[in-house]
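Under my numbering, the first residue of the sequence shown is numbered 2, with each subsequent residue one higher. Contents: one structure, followed by commentary.
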Amino acid sequence: MKKFLGILVLGLLLESNAYAEWKKLSTYKGVTLYVEVDTIIKKNGYVYFWDLHDSDVLDEFGVMSSQTYYQADCSLLRVKTLSYIFYKGSMGRDLIEQQESVVKDWKHPAPNTFMRTAVKFACNY
Numbered sequence: 002m003k004k005f006l007g008i009l010v011l012g013l014l015l016e017s018n019a020y021a022e023w024k025k026l027s028t029y030k031g032v033t034l035y036v037e038v039d040t041i042i043k044k045n046g047y048v049y050f051w052d053l054h055d056s057d058v059l060d061e062f063g064v065m066s067s068q069t070y071y072q073a074d075c076s077l078l079r080v081k082t083l084s085y086i087f088y089k090g091s092m093g094r095d096l097i098e099q100q101e102s103v104v105k106d107w108k109h110p111a112p113n114t115f116m117r118t119a120v121k122f123a124c125n126y
């Protein structure tokens, strides 16, 4: 039953992707960073959010866009990567695969990176 609910939730997430409100934050070398503002959650001192990297071209793995789900500790400006979703199409279309992050250690995003931009936006939203 738990597995079925997980699949149902993932299916709803993927279906809702086309209707999500993505806030464009930055573009660099043909890749645009978005954060999904509708799903930013603040809970127990942490912020949970999805970001989306949307590229102009397919990469060497056949990926054009990807979503990452984060847990952020805004007081220490650190983040854990919880899961990834990879797509063949732009803006999260044509699912390739979804996977949980193997390494869920806290990271401090470097200045002037997409990760830091997304974390600061989600924390201040």
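Ideal Cβ positions, reconstructed from N, Cα and C, are used throughout, including at glycine. Note that the coordinates shown come from a computational prediction; the quantities given were computed from them, not determined experimentally.
Should the region 90-101 be called in touch with the region 113-125, which here means at least 3 C-beta pairs below 8 Å?
no
When we look at the beta-carbon of F50 and count the other beta-carbons within 10 Å, is it buried (16 or more) or exposed?
buried
A73 - DSSP class collapsed to helix/strand/coil:
Judged by DSSP in its simplified three-state form, A73 adopts strand.
Could you pull out every residue in the same chain whose Cβ sits closer than 8 Å to the Cβ of V58, ignoring the five residues on either side in sequence?
G31, M65
Neighbour-count burial assignment, L53, 16 or more Cβ in a 10 Å radius:
buried
Of the residues A73, Y126, T118, S102, which one's Cα is nearest the Cα of L34?
T118
Quick one: grab the DSSP three-state call for K105.
Of the three classes helix, strand and coil, the one that applies to K105 here is coil, per DSSP.
Can the beta-carbon of V36 be found less than 8 Å from the beta-carbon of L26?
yes
Looking at the unbroken beta strand (DSSP E) that takes in V32, where does it start and where does it end?
From DSSP, the beta strand (DSSP E) with V32 extends over 32-37.
Contacts around V10, its chain only, beta-carbon distance under 8 Å, and the 5 residues preceding and following it disregarded
Unreliable positioning characterises V10 in this predicted model, as indicated by a pLDDT of 46, which lies under 50. The coordinate reading is nonetheless provided below. If we look at V10 and ignore the five residues flanking it on each side, it has no Cβ neighbours.
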